[in-house]
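The structure under discussion appears below in the form of structure tokens.
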Amino acid sequence: MNGIQVEQKSYQMPPLEGISVAHFLTVADIERSARFYETVFGGRILSRGDSSGAPGYIQIANTWLIVNVGGGPTPDKPSVTLSVPADPDSVSSFMNIRVADIHACYELWRKRGAEFITEPKDKYGETRCYIRDPDGYIIEVGQSKPDFTYG
Numbered sequence: 198m199n200g201i202q203v204e205q206k207s208y209q210m211p212p213l214e215g216i217s218v219a220h221f222l223t224v225a226d227i228e229r230s231a232r233f234y235e236t237v238f239g240g241r242i243l244s245r246g247d248s249s250g251a252p253g254y255i256q257i258a259n260t261w262l263i264v265n266v267g268g269g270p271t272p273d274k275p276s277v278t279l280s281v282p283a284d285p286d287s288v289s290s291f292m293n294i295r296v297a298d299i300h301a302c303y304e305l306w307r308k309r310g311a312e313f314i315t316e317p318k319d320k321y322g323e324t325r326c327y328i329r330d331p332d333g334y335i336i337e338v339g340q341s342k343p344d345f346t347y348g
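Heads up: the sequence shown runs through residues 198 to 348, numbered per the numbering used here.
Spelled out as structure tokens, the structure:
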């Protein structure tokens, strides 16, 4: 795969012990989002959701992405409404993917349909760039510089 190795291990969701972390995205179209994360990042679609409100689950490397359409408050979150970003240029959080070879990932994922905001740029102790997913969420792709110590 163009020198990019993505190790697909079988991780438990939910875990048999301890915790696991999944990222939830509110999306306009579960199938479209699942295909994007499968195609660009080599994710494995575990569930495509259903018409009764079940979310889609995608395993990407050692993490899970949960995608579901938005909606109004529910009994467990009575004051919360979920929606896709109203303004994709105003962001409060984003997914961060760390890679061993950012230039190889940039070329491969661009060929697979990822829309990058810019090409990889040097910043602080890393080289990084950002992708927009179909709903406008940004995803940081970064490669740490050799011998750089954070903190």
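Just so it is clear, CB atoms sit at the ideal spot from N, CA and C, and this is done for glycine as well.
CB-CB length for Ile-257 against Phe-233, believed under 8 angstroms: Along the sequence shown, read from residue 1 onward, the residue named residue 257 stands at position 60. Along the sequence shown, read from residue 1 onward, the residue named residue 233 stands at position 36. In fact, because the Cβ distance is near 11 angstroms, the residues do not count as touching under 8 angstroms.
Within the same chain, show all residues whose beta-carbon is closer than 6 angstroms to that of Ile-328, passing over the 5 residues directly before and after it, in chain order. For the purposes of this step, residue 328 is taken as the residue at position 131 of the sequence shown. Excluding positions up to five away in sequence, the list reads Ala-311, Phe-313 and Ile-336.
Closest to Ser-280 by CA distance: which of Ser-289, Asn-265 and Ser-287 is it? Here residue 280 refers to the residue found at position 83 of the sequence shown. The shortest C-alpha separation from Ser-280 is found at Asn-265.
Are Ile-242 and Gly-250 touching if we call contact CB-CB under 8 angstroms? Locating residue 242 in the sequence shown gives position 45, counting from the first residue. Locating residue 250 in the sequence shown gives position 53, counting from the first residue. No, the pair does not count as a contact, with Cβ atoms beyond the cut-off.
What separation, rounded to the nearest whole angstrom, lies between the Cα atoms of Ile-227 and Arg-245? Position 30 of the sequence shown holds residue 227. Position 48 of the sequence shown holds residue 245. For Ile-227 and Arg-245, the distance between alpha carbons rounds to 7 angstroms.
Could you check what DSSP says for Ile-263 in three-state terms: helix, strand or coil? Here residue 263 is taken as the residue at index 66 of the sequence shown, counted from 1. Ile-263: strand per DSSP, three-state reduction.
contact_flag[the stretch 279-295, the stretch 315-335] where n(CB pairs < 8 angstroms) is 3 or more: yes
Assign Gly-240 to one of two classes, buried (16 or more other C-beta atoms within 10 Å of its C-beta) or exposed (fewer than that). Translated into the one-based positions of the sequence shown, residue 240 becomes position 43. The residue is buried, with at least 16 neighbouring Cβ atoms inside 10 Å.
Selected residue, minimal CA-CA separation from Ile-255, among Ala-219, Ile-299 and Met-292: Counted from its first residue, the sequence shown places residue 255 at position 58. Checking every option, the nearest Cα to that of Ile-255 belongs to Ala-219.
Can you give the Cα-Cα distance for Leu-222 and Pro-343, rounded to whole angstroms? Taking the first residue of the sequence shown as position 1, residue 222 is located at position 25. Taking the first residue of the sequence shown as position 1, residue 343 is located at position 146. Leu-222 and Pro-343: Cα-Cα distance of roughly 32 angstroms.
Please work out which residues of its chain come closer than 8 angstroms, Cβ to Cβ, to Ser-276, disregarding the five sequence neighbours upstream and downstream, and give them in chain order. In the sequence shown, the residue the question calls residue 276 occupies position 79. Closer than 8 angstroms at the Cβ level, and outside the excluded window around Ser-276, lie Pro-270.
Alpha carbon of Glu-304 to alpha carbon of Ser-217, nearest angstrom: For the purposes of this step, residue 304 is identified with residue 107 of the sequence shown, where counting begins at 1. For the purposes of this step, residue 217 is identified with residue 20 of the sequence shown, where counting begins at 1. Rounded to whole angstroms, Glu-304 to Ser-217 spans 31 angstroms at the Cα level.
First and last residue of the uninterrupted beta strand (DSSP E) at Leu-243: Translated into positions along the sequence shown, residue 243 becomes position 46. Run containing Leu-243: 241-245, per the beta strand (DSSP E) assignment.
If I measure Cβ to Cβ from Thr-324 and keep anything under 6 angstroms in the same chain, skipping five residues before and after, which residues do I get? As a working note, residue 324 is residue 127 in the sequence shown. The residues are Ile-299, Pro-317 and Gln-340.
Would you mind sorting Ser-287 into buried or exposed? The rule is 16 or more other CB atoms within 10 Å of its CB. Start at 1 with the first residue of the sequence shown, and residue 287 comes out as number 90. When all chains shown are included, Ser-287 counts as exposed.
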